[in-house]
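Colleague: Pasting a structure here, questions to come.
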Amino acid sequence: MGATAPVVVAGAGQAGSWAVKTLRDEGYGGPLVLVGEEQHPPYERPPLSKQVLLGDDPPESTILLDHDMLGELDVEFRARTRITALDRERRILGLEDGSTLAYDRLMITTGARVRRLELPGAAEAPIMYLRTIEDSLAIARKAAKGVRCVVIGGGLIGLEAAAAVSELGCRVAVVEAGERLMARVVGPRTSAYFADLHRTRGIELVLGDSPVRLEQAGGSTRVILASGAGLDADLIVVGIGVVPNAEFAADAGLKVDNGLWVDECGRTEDPRIFAAGDVTAHHNPVLGRRVRLETWQNAQNQAIAAARTLAGSEHALSDIPWGWSNQFKVNLQILGVAGHWDDAVLRGDPQGGSFSLFYFDQGAMCGVDAINAPRDIAVARRLMSRNIPVDRTRLGDRAVPLKDLLKG
Amino acid sequence: MAGDGALEWHKVANKAEILNDEPLGVEVEEQFIGLYLVDGEIYAMDNVCSHEFAILTDGFMEDECIECPIHQALFDVRTGKARSAPAEVDLKTYPVRVEGEDVFVGLPAK
Ligand SMILES: Cc1cc2nc3c(=O)[nH]c(=O)nc-3n(C[C@H](O)[C@H](O)[C@H](O)COP(=O)(O)OP(=O)(O)OC[C@H]3O[C@@H](n4cnc5c(N)ncnc54)[C@H](O)[C@@H]3O)c2cc1C
């Protein structure tokens, strides 16, 4: 028998970084390899549409584990290395350059990639996406005073990008196919608040319409919409969602359906293979169903849970999904997964710029949108995870300290 | 450990301003410091999260821990210990002295 094969962490993003770190924290002392397609050591993406795009923070500030830290953790880091195949029987990974890499156990943290805009004329148009450090810097370079920017997609990434390039001086229009902004993640009242915010800052919002083709005319691009309207653009930023990087896992016969399937501990059906982050669809015990989350919280905590489980101390993820967004310095935090709800309680004053909406389904709190109100999220998370019954009149009354509701 | 002699005491607050649920953020000598009340004792700890810039006293206080308002890292305000991810670096704590209603924090003398 040769030396033991390493634990391989496939995908050097946020989840990959927490996986290697946690494996060492848990006492795994064997060989550990982190493989990533990008040229950078693991970094976080949230600032790419916020501080980094705005030029407030340098891209290096997003690095989670630099080369020194990886060295201290005794991790062999292979950058610019793309995995193309997985052979579960022989326990090897195929790499793009034709070589192979054996593993004893494998953690798949390949994340997701942007969904591309497939439209006539797209190849010639100045289209940019926003996922990597390079993407963020490229948009920042183009976003100057007077530049006409059309953002396709009124979700979180599209709106953050719209706000940032507008602050950089661009004239911005946002095109959203749905009837309201961020419909996948927040309630209608929150959508309306953010629509007002963006319009007040001079952004043109085109709702219920979508691009059908892109035309070149006199050095600029015209985005033709289904309604027949057209928008002139020097820069087009597309934020229409992401696709999980689960191909080699699916080809190897692992269950993939809108994400690579894992249980609440990050285990796939193969006892040697684990996964975490955007690439996964996990069974969430709090929601009682399978979800694919695209959040910073999930990338971190699912990777920690999966790495602990891999290292031998089984650990289940038990978070209520949570995410945030910053647009024009307004902080939005979202707790729970917007889905079905039958009642919403408003706390605070939208006019005053700080309020929360608490959603209820059949009497139980199931989610919150908090606008400039982070403490509301902290209390709501505890109310929800501890199943504390909530008096909705007191909840809506700002004179009652929210924390008092924790007493039941 | 720095002895009392190496400290400079700064009056930072009145006792009544520091509540169980409402910690107080102050600025002393260009430093952000958070003041907390736990079981009747006042504690002082650096007020900027060790993970990313956030003022911890804007966060949520429960028992002996403050939760960062941005990324939910937990710190034990009595010891400065980082209790949960994403924070990995502990925060500095400072000695506190109460004289009557006045609260003083001891910072290393310049
Ligand atoms: C601009 C932006 C802003 C965001 N803002 C927020 C926010 O405010 N709040 C929030 O909660 N979430 C936010 N998110 C989402 C959050 O960043 C993601 O959920 C998180 O990055 C997921 O981490 P991950 O490790 O699963 O995937 P990733 O970070 O995508 O990392 C996966 C890595 O694997 C590599 N890889 C993929 N396939 C292969 C392969 N075959 N071989 C080798 N390497 C491979 C990729 O190149 C990548 O580096 C934001 C995302 C973006 C893009």
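Chains A and B are the protein sequences, given in the same order.
Okay, so the first sequence: first residue is 228 according to this note's numbering, each after it adds one.
Okay, so the second sequence: first residue is -16 according to this note's numbering, each after it adds one.
Each residue gets a CB set at the ideal place from its N, CA and C atoms; glycine is no exception.
Would you tell me roughly how many angstroms separate the C-alpha atoms of Ala503(A) and Ala27(B), rounded to the nearest one?
Modeller: On the first sequence, residue 503(A) is found 276 positions in, with the first residue counted as 1. On the second sequence, residue 27(B) is found 44 positions in, with the first residue counted as 1. Cα to Cα, the separation comes out at about 38 Å.
Colleague: Would you say Asp22(B) lies against chain A (beta-carbon separation less than 7 Å)?
Modeller: Here the question's residue 22(B) lines up with position 39 in the second sequence. For Asp22(B), the answer is no, since every Cβ of chain A falls outside 7 Å of its Cβ.
Colleague: Would you check whether ligand 1 has a heavy atom nearer than 6 Å to the C-beta of Asp478(A)?
Modeller: Here residue 478(A) refers to the residue found at position 251 when the first sequence is read from its first residue. For Asp478(A), the distance from the CB to the nearest heavy atom of ligand 1 is not below 6 Å.
Colleague: What does the alpha-carbon distance come out to for the pair Ile500(A) and Ile547(A)?
Modeller: Walking along the first sequence from the start, residue 500(A) turns up at place 273. Walking along the first sequence from the start, residue 547(A) turns up at place 320. Roughly 25 Å between the two C-alpha positions.
Colleague: Who are the neighbours of Pro6(B) on chain A, taking C-beta pairs under 8 Å?
Modeller: Within the second sequence, numbered from 1, the residue matching residue 6(B) stands at position 23. The contacting residues do not exist; Pro6(B) stays about 11 Å from chain A at best.
Colleague: Would you list, in chain order, the members of the stretch 496 to 523 of chain A that have their beta-carbon closer than 7 Å to a beta-carbon of chain B?
Modeller: none
Colleague: Ignoring anything shorter than 4 residues, give me the alpha helix (DSSP H) runs that lie fully in the stretch 453 to 527 of chain A, in order along the chain.
Modeller: As far as the stretch 453 to 527 of chain A is concerned, its whole alpha helix (DSSP H) runs of at least 4 residues are 474 to 478.
Colleague: Could you tell me if the beta carbon of Asp283(A) falls within a distance shorter than 6 Å of some heavy atom in ligand 1?
Modeller: The residue labelled residue 283(A) in the question sits at position 56 within the first sequence. Checking the Cβ of Asp283(A) against ligand 1 gives no.
Colleague: With burial defined as no fewer than 16 other Cβ atoms inside 10 Å of the residue's Cβ, what is the status of Thr327(A): buried or exposed?
Modeller: Position 100 of the first sequence, counting from 1, holds the residue named residue 327(A). By the neighbour-count rule (16 or more Cβ atoms within 10 Å), Thr327(A) is not buried but exposed.
Colleague: Determine the burial state of Glu287(A): buried for a count of at least 16 other Cβ atoms within 10 Å of its Cβ, exposed for fewer.
Modeller: By one-based count along the first sequence, residue 287(A) stands at place 60. With fewer than 16 other Cβ atoms within 10 Å, it is exposed.
Colleague: Write down every uninterrupted run of the beta strand (DSSP E) in the stretch 236 to 263 of chain A whose length is 3 residues or greater and which is fully enclosed by it, in chain order.
Modeller: 259 to 262
Colleague: Report the residue from Leu622(A), Val262(A), Lys634(A) and Pro498(A) whose alpha carbon sits nearest the alpha carbon of Arg613(A).
Modeller: Position 386 of the first sequence, counted from the first residue, corresponds to residue 613(A). In terms of Cα proximity to Arg613(A), the closest of Leu622(A), Val262(A), Lys634(A) and Pro498(A) is Lys634(A).
Colleague: Quick one: what's got a C-beta closer than 8 Å to Ser67(B)'s C-beta in the same chain, skipping five residues either side?
Modeller: Translated into positions along the second sequence, residue 67(B) becomes position 84. Around Ser67(B): Gln55, Ala56 and Leu57.
Colleague: Who are Ala410(A)'s beta bridge partners in DSSP?
Modeller: Locating residue 410(A) in the first sequence gives position 183, counting from the first residue. According to DSSP, which records beta bridges pairwise, Ala410(A) is partnered with nothing at all.
Colleague: Does Ile1(B) come within less than 7 Å of chain A when only Cβ atoms are used?
Modeller: Residue numbering aside, residue 1(B) sits at position 18 when the second sequence is read from its first letter. Chain A places no beta carbon closer than 7 Å to that of Ile1(B), leaving this residue out of the contacts.
Colleague: Note down, in chain order, every chain A residue with its Cβ under 8 Å from the Cβ of Ala68(B).
Modeller: Within the second sequence, the letter at position 85 stands for residue 68(B). Under the 8 Å cutoff, chain A gives Trp245, Gln527, Asn528 and Ile531.
Colleague: Might you give, ordered along the chain, the residues of its own chain that have their beta carbon closer than 6 Å to the beta carbon of Ala626(A), omitting 5 neighbours on each side?
Modeller: Translated into positions along the first sequence, residue 626(A) becomes position 399. Counting only Cβ-Cβ distances below 6 Å, and skipping sequence neighbours, we find nothing.
Colleague: Can you find a C-beta in chain B that's less than 7 Å from the C-beta of Leu544(A)?
Modeller: Numbered from its first residue, the first sequence carries residue 544(A) at position 317. Not closer than 7 Å to any Cβ of chain B, the Cβ of Leu544(A) fails to qualify, so no.
Colleague: If you count every other CB in all the chains shown that lies within 10 Å of the CB of Gln589(A), and 16 or more means buried, which is it?
Modeller: In the first sequence, the residue the question calls residue 589(A) occupies position 362. With fewer than 16 other Cβ atoms within 10 Å, it is exposed.
Colleague: Would you call the stretch 459 to 479 of chain A and the stretch 373 to 393 of chain A touching, i.e. three or more CB-CB distances under 8 Å?
Modeller: Segments in contact, yes.
Colleague: So, is the C-beta of Ala389(A) closer than 7 Å to a C-beta in chain B?
Modeller: Position 162 of the first sequence, counted from the start, is the residue given in the question as residue 389(A). Not closer than 7 Å to any Cβ of chain B, the Cβ of Ala389(A) fails to qualify, so no.
Colleague: Of the choices Arg574(A), Met592(A) and Ala349(A), whose alpha-carbon is the least far from that of Leu622(A)?
Modeller: Stepping through the first sequence from its first residue, residue 622(A) is reached at position 395. Cα-wise, what sits closest to Leu622(A) is Arg574(A).
Colleague: Please confirm whether Met228(A) has its beta-carbon closer than 7 Å to some beta-carbon of chain B.
Modeller: As a first step, residue 228(A) is located in the first sequence; it is residue number 1 there, counting from the start. Its pLDDT being 44, under 50, Met228(A) is placed unreliably in this model, and the value from its coordinates should be taken loosely. With 7 Å as the cut-off, Met228(A) does not count as an interface residue toward chain B.
Colleague: Within 6 Å: the Cβ of Thr336(A) and any heavy atom of ligand 1?
Modeller: Along the first sequence, one-based indexing puts residue 336(A) at 109. Flag set: Cβ of Thr336(A) near ligand 1.
Colleague: Since Arg602(A) meets chain B, which of its residues come closer than 8 Å, beta carbon to beta carbon?
Modeller: Here residue 602(A) is taken as the residue at index 375 of the first sequence, counted from 1. Residues of chain B with a Cβ closer than 8 Å to the Cβ of Arg602(A) are, in chain order, Asp41, Gly42, Phe43 and Pro52.
Colleague: Using a Cβ-Cβ cut-off of less than 9 Å, list which residues of the stretch 605 to 627 of chain A approach chain B; keep chain order.
Modeller: Ala605, Val606, Arg608 and Arg609
Colleague: Starting from the C-beta of Arg343(A), find all residues in its chain whose C-beta is less than 6 Å away, skip the five residues before and the five after it, and write them out in chain order.
Modeller: One-based indexing of the first sequence puts residue 343(A) at position 116. Hits under 6 Å: none found.
Colleague: Run through chain B and tell me which residues come within less than 7 Å of Lys630(A), C-beta to C-beta.
Modeller: The sequence position of residue 630(A) within the first sequence is 403, counting from 1. Result: Asp4.
Colleague: Tell me whether Ala389(A), by its Cβ, gets closer than 6 Å to a heavy atom of ligand 1.
Modeller: Reading the first sequence from its first residue, position 162 is the one you call residue 389(A). Flag unset: Cβ of Ala389(A) not near ligand 1.
Colleague: Per DSSP, which one or two residues make a beta bridge with Ala312(A)?
Modeller: As a first step, residue 312(A) must be located in the first sequence, where it is residue number 85. DSSP output for Ala312(A) lists Gly321(A) as bridge partner(s).
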